[in-house]
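Under our numbering, the first residue of the sequence shown is numbered 949, with each subsequent residue one higher.
This report refers to the structure that appears directly beneath it.
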Amino acid sequence: MNSSPENTQASLQDPLTKYPTPTFPEQQQGTPGTEADMQPKADHGETSYKGSGKLVGRKALITGGDSGIGRAVAIAFAREGADVAIIYLDEDKDAQETAHYVAEAGRKAVLIPADIRQEANCQQIVEQTVAELGGLDILVNNAAYQMSQESLQDITAEQLDRTFRTNIYSMYFMCKAAEPHLKPGSTVVNTTSINAYKPSPTLLDYAATKAAIQNFSANLGQLWAEKGVRVNCVAPGPIWTPLIPSTMPPEKVKSFGQDVPLKRAGQPAELAPAYVLLASDESSYMTSSTIQITGGTPTI
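Structure (structure tokens):
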């Protein structure tokens, strides 16, 4: 006897209530922030993501791979069959926890603490990744820095330099270092933001870098098309990561995400499938494209 559709269909989940909604507890962390101190805890797909072999045998490098979106992507990539190099600044505990999930999926994890603002470091990261994983097929430029400021006068030259070097310079450096190792079928996925389209006035410098990432990716996708190397973006809306309590005032953290149509912040686990799609052969006709995951906020 065949089961009825009612017995076989997965239960539907209301996107409005699937995850915690503001108000969040008031909280503040020092930069770059850690997962352990976040309330509520973020979901990276630790218990929910199930792979289906989309990336078997691939070698991936993820900047900012220790926490937030990067952790969710690392977990998803590993469960899809990829080995992963996790690049991070100094959040060793977060990085080790992410590596645990990669290893638990039966894949190799390489931890590389490094400051990606320096070109020499980016070259060394790629060389170490290739040496320890045996190649490089997927580059995810995800690391980012932001600091909320109410006035242009409060954005110092030091902040401007850190924001652009972390978000833009590093992407140039990583792509340049990776290019000799990328073969036809390799992919680059860059994390842009809804701020590329609808910039927040208090994130003036950060929003400018995210617009630049969007433009860079569209341009590089065309430049590398003849190589058979694809370059795409994911544009998140408000996502609950350590970047938020470590760079925003407590009163803004408290209400973070409530102004989008779905009335809540997104979780890193909700973005990982888009990165898997763009890294896999299932997106073979996509390059210079962007997947927007914004909680319902239109970008045009």
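The beta-carbon is built from N, C-alpha and C at its ideal position, and this holds for glycine as well.
Residue burial annotation: N1138 is buried, with at least 16 other C-beta atoms found within 10 angstroms of its C-beta. By the beta-carbon neighbour count (other beta carbons within 10 angstroms, threshold 16), S1099 is exposed. DSSP places P1184 within a strand segment (E or B) once states are collapsed to three. As the crow flies, the alpha-carbon of S1148 is around 7 angstroms from that of A1155.
By DSSP's assignment, Y1049 forms no beta bridge with any residue. Here the alpha carbons of K1146 and D1153 stand approximately 13 angstroms from one another. Cβ neighbours of Q1170 within its own chain (closer than 7 angstroms, five residues either side excluded): S1236. Annotation for Y1036: the continuous beta strand (DSSP E) segment containing it runs 1031-1036. In the DSSP annotation of this structure, the continuous segment of the beta strand (DSSP E) that includes Q1240 starts and ends at 1238-1241.
Your pair V1182 and Y1223 checks out as a contact, with CB atoms roughly 6 angstroms apart and the cut at 8 angstroms.
Following the DSSP letters along the chain, one finds I1086 in no alpha helix (DSSP H) but inside the beta strand (DSSP E) bounded by residues 1086-1089. Taking C-alpha positions only, A1126 is separated from C1070 by approximately 9 angstroms. When DSSP states are grouped into helix, strand and coil, I1064 belongs to the coil group. The bridge partners DSSP lists for G1214 are I1187. Under the three-pair Cβ rule at 8 angstroms, the region 1029-1036 does not count as touching the region 981-990.
Annotated three-state conformation of I1103 is coil, per DSSP.
By alpha-carbon distance to K1131, the top candidate from Q1107, A1160, V1179, M1119 is V1179. Under the three-state reduction of DSSP output, L1009 falls in the strand class. For T1150, the three-state secondary structure derived from DSSP is helix. In the DSSP assignment, V1224 falls within the unbroken alpha helix (DSSP H) covering 1220-1227.
Residues of the same chain with a CB within less than 6 angstroms of the CB of V1004, apart from the 5 flanking positions on each side, are G1029 in chain order. Rounded to whole angstroms, the gap between the alpha carbons of A1079 and N1090 is 22 angstroms. The alpha carbon of N1115 has as its nearest neighbour, out of K1056, A1024, G1083, E1067, the alpha carbon of E1067.
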